[in-house]
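Under the working numbering, the residues of the sequence shown are numbered 130 to 383, in order.
Just so it is clear, CB atoms sit at the ideal spot from N, CA and C, and this is done for glycine as well.
The structure appears below as structure tokens.
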Amino acid sequence: MKIAIGSGITENQLSLLSKPEAAALYSLRAIQSNTIKDLLLYHVQDLSPLRLKGVVEGSGDGCGSIILDEHFEQFLENLPGFQAFELLPEHTGNAALQYWQDSIEPRYTRTDQEDDQDDVGWELPLLGLPNQPLIGLEGGFLQLSDAASNMPCATPGEKGQDGGHPLKAILLVSGLGGCEYLNHRLCKANPKITILQPPDAWQALVSGAVLRGLEGNLVQSCLARCHYGINIQEDYDAARHGGLKKHWCEYKQC
Numbered sequence: 130m131k132i133a134i135g136s137g138i139t140e141n142q143l144s145l146l147s148k149p150e151a152a153a154l155y156s157l158r159a160i161q162s163n164t165i166k167d168l169l170l171y172h173v174q175d176l177s178p179l180r181l182k183g184v185v186e187g188s189g190d191g192c193g194s195i196i197l198d199e200h201f202e203q204f205l206e207n208l209p210g211f212q213a214f215e216l217l218p219e220h221t222g223n224a225a226l227q228y229w230q231d232s233i234e235p236r237y238t239r240t241d242q243e244d245d246q247d248d249v250g251w252e253l254p255l256l257g258l259p260n261q262p263l264i265g266l267e268g269g270f271l272q273l274s275d276a277a278s279n280m281p282c283a284t285p286g287e288k289g290q291d292g293g294h295p296l297k298a299i300l301l302v303s304g305l306g307g308c309e310y311l312n313h314r315l316c317k318a319n320p321k322i323t324i325l326q327p328p329d330a331w332q333a334l335v336s337g338a339v340l341r342g343l344e345g346n347l348v349q350s351c352l353a354r355c356h357y358g359i360n361i362q363e364d365y366d367a368a369r370h371g372g373l374k375k376h377w378c379e380y381k382q383c
């Protein structure tokens, strides 16, 4: 926000929206152009014009690729003779995590028909570490056979029920949302739920923000996890309050 204001945009020209809201706006609009076939849940009130309504509050927990990144680090730490990920030399750990996030995570395409021990062709750079043939680490590269096959694929179904609306569809957005393997796993785990994967899912957040700016607020209401109470009145104290501020409270009857 500070950067936007520093670029010349005034505060009254700025409006903020949540990442799930922006992603939902872009995804539904992108898919609708062809045909409709935290995590937050939205109820679609209208398709034309598009209108959404929040039905549950966000949990605020980490989700998506953050969870996979943690599993990736645990995968390495569980290898025989491998040290804690955080103890790796900084350049080694950064390079490995960057390669995982940019190359393996969004492009992983293993199917259930492939053997668990099949070589999927990924070589993770672990520069500066000594060779460990037992785990496939040679020349600064670790040969991966199936690092991501146990990708978590939980769905927010319980939240959908809590909001009074059965879960009908899941939108896959952001970098991880473009992963075909994730799409495959979710479809298999949730045969009664429609899985929607918009084109260019990686840009859903920024594209949704642009749509919000051009078309105004498309989300009619949201639910907050918490709020700050505002004290609008207090008991009359003759020593502190002027007589003109004294009035009868129908709620307290005093």
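Note to self: Given a cut-off of 8 Å on the beta-carbon distance, is the pair leucine 154 and arginine 341 in contact?
What the structure shows: yes
Notebook entry, point to check: Applying the criterion that 16 or more other CB atoms from any shown protein chain within 10 Å of the CB defines a buried residue, is leucine 266 buried or exposed?
Noted result: buried
Margin query: Please state the DSSP three-state secondary structure of methionine 326.
Written below: Reading the sequence as shown, one finds glutamine at residue 326 and not methionine. If DSSP states are grouped into helix, strand and coil, glutamine 326 belongs with coil.
Next item on the list: Quick one: using the 10 Å Cβ neighbour count with 16 as the cut-off for buried, is glutamine 382 buried or exposed?
Entry: exposed
Note to self: Using a Cβ-Cβ cutoff of less than 7 Å, which residues in the same chain neighbour alanine 133 once the five nearest sequence positions on both sides are dropped?
What the structure shows: Annotation for alanine 133: Leu143 place their beta carbon closer than 7 Å to its own, counting only its chain and skipping 5 residues before and after.
Margin query: Measuring straight from C-alpha to C-alpha, what distance separates proline 149 and asparagine 260?
Written below: 43 Å
Next item on the list: Report the partner residues of isoleucine 264 according to the DSSP bridge assignment.
Entry: Bridge partners of isoleucine 264: none, in fact.
Check: According to DSSP, what are the bridge partners of phenylalanine 270?
Finding: DSSP lists Pro254 and Glu267 as the beta-bridge partner residues of phenylalanine 270.
Notebook entry, point to check: Count the other CB atoms within 10 Å of the CB of glutamate 379; is the residue buried (16 or more) or exposed (fewer)?
Noted result: exposed
Margin query: Would glycine 257 pass as an interface residue toward chain B - the criterion being a Cβ-Cβ separation below 8 Å?
Written below: Reference to chain B is not applicable here, since this structure consists of a single protein chain.
Notebook entry, point to check: What does DSSP give as the partner residues of leucine 157 in its beta bridges?
Noted result: Answer by DSSP bridge pairing: none, since leucine 157 is not bridged.
Note to self: Checking 8 Å against the spacing of the C-beta atoms, do alanine 213 and glutamate 219 come in under that value?
What the structure shows: No, the Cβ-Cβ distance between alanine 213 and glutamate 219 is not below 8 Å.
Next item on the list: Express the C-alpha separation of isoleucine 359 and glutamine 230 in angstroms, rounding to a whole number.
Entry: 43 Å
Next item on the list: Would you please state the rounded distance, in angstroms, between the beta carbons of proline 262 and alanine 225? I believe it to be under 8 Å.
Entry: 19 Å between Cβ atoms; not a contact.
Checklist line | Alpha-carbon spacing of tyrosine 325 relative to glutamine 227, whole angstroms | finding: Looking at the sequence provided, one finds leucine at residue 325 rather than tyrosine. If you take the alpha carbons of leucine 325 and glutamine 227, they lie about 27 Å apart.
Notebook entry, point to check: Between the beta-carbon of alanine 159 and the beta-carbon of proline 328, is there less than 8 Å?
Noted result: In contact: alanine 159 and proline 328 (Cβ atoms closer than 8 Å).
Next item on the list: Could you check how far apart the C-beta atoms of serine 147 and glycine 304 are, in whole angstroms? I think they sit under 8 Å.
Entry: Rounded, the Cβ-Cβ distance is 18 Å, inconsistent with contact.
Notebook entry, point to check: If isoleucine 264 sits next to phenylalanine 211, beta carbons under 8 Å apart, how far is it from one beta carbon to the other, in whole angstroms?
Noted result: 7 Å
Notebook entry, point to check: Nearest CA to the CA of threonine 323: which residue from Tyr237, Lys297, Leu301 and Asn312?
Noted result: Residue Lys297 is the option with its Cα nearest to threonine 323.
Check: What are the start and end residues of the beta strand (DSSP E) that includes isoleucine 195?
Finding: No beta strand (DSSP E) holds isoleucine 195; the alpha helix (DSSP H) holding it covers 194 to 206.
Notebook entry, point to check: With 16 as the cutoff for other CB atoms within 10 Å, does proline 235 come out buried or exposed?
Noted result: buried
Checklist line | leucine 157 burial status per 10 Å Cβ neighbour count (16 or more: buried) | finding: buried
Check: For aspartate 198, which option in Leu334, Leu216 and Asn223 has the closest C-alpha, if you only look at C-alpha atoms?
Finding: Asn223
Notebook entry, point to check: Which residue from Gly307, Leu300, Leu311 and Ser232 puts its Cα closest to that of leucine 273?
Noted result: Ser232
Item checked: Delimiting residues of the alpha helix (DSSP H) encompassing isoleucine 299 -> Careful: isoleucine 299 lies outside any alpha helix (DSSP H), inside the beta strand (DSSP E) at 298 to 300.
Check: What residue from Gln362, Gly269 and Ala333 has the CA that sits closest to threonine 221's CA?
Finding: Gly269
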